[in-house]
């Protein structure tokens, strides 16, 4: 590359000036002034010719850098430099074509990512086998780790040194939120242990008021720490903290709600997102060509479509595999249930097989292709529901990841952390799980859950009454059962006892 040195041009001009001064100090004749202007003009024209001879990309780099040669080029969130792709007509296709990646680095990332993917899947299945209590502890740990990563994005150490309570306040609001959410779920779990619930009835009766009081303490604490010169920063931190609590802690709490409806409803949504993420990566790795969205340069249409179809098939088959297993489909009778526990329950009808008539047109096609008559198929209704949940995991849940990519672009970071080699931080792996958990729980409550009253829920309400109301309820139930003949009346019971005594004599 040919360059024109500004320093050299200046020295030449200085040399010309010294020569002129040597010829005669202060000589400013019109002829010599014209010679100097002509020399300057020829120097400028030579610079223009040299720039015209340079490739357009080099001209752009020099124009952007100026006199500095140390300015960094723009990179995407994967660390690879993006070069604009142009076809023969000169049209910029950089928004549609995924940039090429170094082959060795590509396969090294593949091996590392694949290894830790299997490690995480193995650990996840182990936690599932240990039952609901271990799952709840896992979700709690994930909530804390993700909250920490998200809060750290808005951290400004220089200002936080002058505000010593900033980090403590973030932790306090997290504890208040966890107390409110887990207290509600713990109360729900203890309904299956009425005598233990009776001893904690006072705490649970005022749980919501206690939670709100704890939040008010934090609010007053925050207002009391407002400091002149830091108002804008502190208000921004307060808003960011509440956004993290809403998007991270509150949404992920739906995972806990799903556990109490049956581990199946916890496992299925998470497994669908994991499979979609894996196969979208696989299809994009081998076939990816066309960029899906600007926020994530490595996400491709090929990966999006291939991962979606694979997820639908996987969800349909996984549901059929797990539907006969009481450990999966039954609500946990207690928190210490494990995969080895003997679990029984009244199974939700959606898990039971049904015969569905095959349309005549479809039956004719099957007969022509496979040479056998098929008039009906046996499918569980929950498998059709799994297709709807799989469709959400394939089409909408990835936008949770795109939102996270937008956050990373806004803060100019590659990953939320580095706790998982090959994957980034915990948030990078669970960014799609939050919205997926919220959808799956909403779908379950709206279309699948049976509105039934259990003995444990009725007895829990009985324990919340005072002694007088409990006696009144007991007498009302006894009178109703005697009227319907479900139990014998007192006279009939006395006569039965007398007859039994006479017979014994």
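Residue numbers (my numbering): -5 to 499. For each residue, glycine too, the CB sits at the ideal point set by N, CA and C. Computed from a prediction, not measured in an experiment: that's the story for all the values here.
{"Query": "Please report the residue range of the beta strand (DSSP E) in which residue 425 lies.", "Result": "Segment: none, residue 425 is in no beta strand (DSSP E) and carries neither H nor E."}
{"Query": "Beta-carbon within less than 8 Å of residue 156's beta-carbon, same chain only, minus the 5 sequence neighbours each way: which residues are those?", "Result": "221, 224"}
{"Query": "Helix, strand or coil: which one does DSSP assign to residue 351?", "Result": "strand"}
{"Query": "Within the stretch 228 to 279, note down every full alpha helix (DSSP H) run reaching 4 residues or more, in order along the chain.", "Result": "245 to 255"}
{"Query": "Going by C-alpha distance, which of 378, 206, 130 is nearest residue 346?", "Result": "378"}
{"Query": "Below 8 Å, can you find three or more Cβ-Cβ pairs linking the stretch 242 to 255 to the stretch 352 to 368?", "Result": "no"}
{"Query": "Alpha carbon to alpha carbon, how far is residue 380 from residue 295? Give it in angstroms, no decimals.", "Result": "23 Å"}
{"Query": "Rounded to a whole number of angstroms, what is the C-alpha to C-alpha distance between residue 198 and residue 127?", "Result": "20 Å"}
{"Query": "Curious, which full-length alpha helix (DSSP H) runs of at least 4 residues does the stretch 107 to 165 contain?", "Result": "126 to 147, 151 to 156"}
{"Query": "Evaluate residue 277 with the Cβ neighbour count: other Cβ atoms within 10 Å of its Cβ, from every protein chain shown; 16 or more gives buried, anything less gives exposed.", "Result": "buried"}
{"Query": "Give the range of the beta strand (DSSP E) segment to which residue 294 is assigned.", "Result": "290 to 294"}
{"Query": "On the DSSP letters alone, give me the boundaries of the beta strand (DSSP E) that residue 366 sits inside.", "Result": "Counting along the chain, residue 366 falls outside any beta strand (DSSP E), and DSSP gives it neither H nor E."}
{"Query": "Short of 6 Å in beta carbon distance, which residues of its chain neighbour residue 360, apart from the five on each side in sequence? Order them along the chain.", "Result": "368"}
{"Query": "For a quick check, are the C-beta atoms of residue 297 and residue 265 less than 8 Å apart?", "Result": "no"}
{"Query": "Confirm, please, whether the CB-CB distance from residue 322 to residue 256 is below 8 Å.", "Result": "yes"}
{"Query": "Rounded to whole angstroms, what is the Cα-Cα separation between residue 480 and residue 449?", "Result": "17 Å"}
{"Query": "How many angstroms separate the CA atom of residue 71 from the CA atom of residue 425?", "Result": "Confidence in residue 71 is poor, its pLDDT being 40 and thus under 50, which makes the residue's placement unreliable; the coordinate value appears in the next sentence. For residue 71 and residue 425, the distance between alpha carbons rounds to 16 Å."}
{"Query": "Quick check on residue 221: does DSSP put it in helix, strand or coil?", "Result": "coil"}
{"Query": "Where do the N-terminal and C-terminal ends of the beta strand (DSSP E) with residue 286 fall, by residue?", "Result": "285 to 287"}
{"Query": "Measure how close the beta-carbons of residue 179 and residue 129 come, nearest whole angstrom, since I'm counting them as under 8 Å.", "Result": "Between residue 129 and residue 179 the Cβ distance is about 12 Å, and since that is not below 8 Å, they are no contact."}
{"Query": "Name the two residues that bound the continuous alpha helix (DSSP H) containing residue 442.", "Result": "Residue 442 -> no alpha helix (DSSP H), and no H or E assigned at all."}
{"Query": "In three-state DSSP terms, what is residue 411?", "Result": "coil"}
{"Query": "Pick helix, strand or coil for residue 302, following the three-state DSSP scheme.", "Result": "helix"}
{"Query": "Would you identify the three-state DSSP class for residue 419, choosing helix, strand or coil?", "Result": "coil"}
{"Query": "Which value, in whole angstroms, describes the spacing of the CA atoms of residue 102 and residue 271?", "Result": "19 Å"}
{"Query": "Taking the alpha carbon of residue 508 as the point to measure from, which residue in 342, 374, 356 has its own alpha carbon closest?", "Result": "Residue 508 lies beyond the stretch modelled for the chain, which goes from -5 to 499, so this question has no answer here."}
{"Query": "Going straight from the alpha carbon of residue 279 to that of residue 216, what length do you get?", "Result": "48 Å"}
{"Query": "Smallest Cα separation from residue 107: which of 282, 162, 376, 423?", "Result": "423"}
{"Query": "With distances taken Cα to Cα, identify the nearest neighbour of residue 206 among 173, 355, 259, 319.", "Result": "173"}
{"Query": "Using DSSP with H/G/I as helix, E/B as strand and the rest coil, what is residue 48?", "Result": "For residue 48, the pLDDT reaches just 47, beneath the cut-off of 50, and the residue's location in the model is therefore unreliable, although a value from the coordinates is still provided. In the structure shown, residue 48 sits in coil (DSSP, three-state: anything other than H, G, I, E or B)."}
{"Query": "What did DSSP end up calling residue 211 once you bin it into helix, strand or coil?", "Result": "helix"}
{"Query": "Does DSSP put residue 471 in a helix, in a strand, or in coil?", "Result": "helix"}
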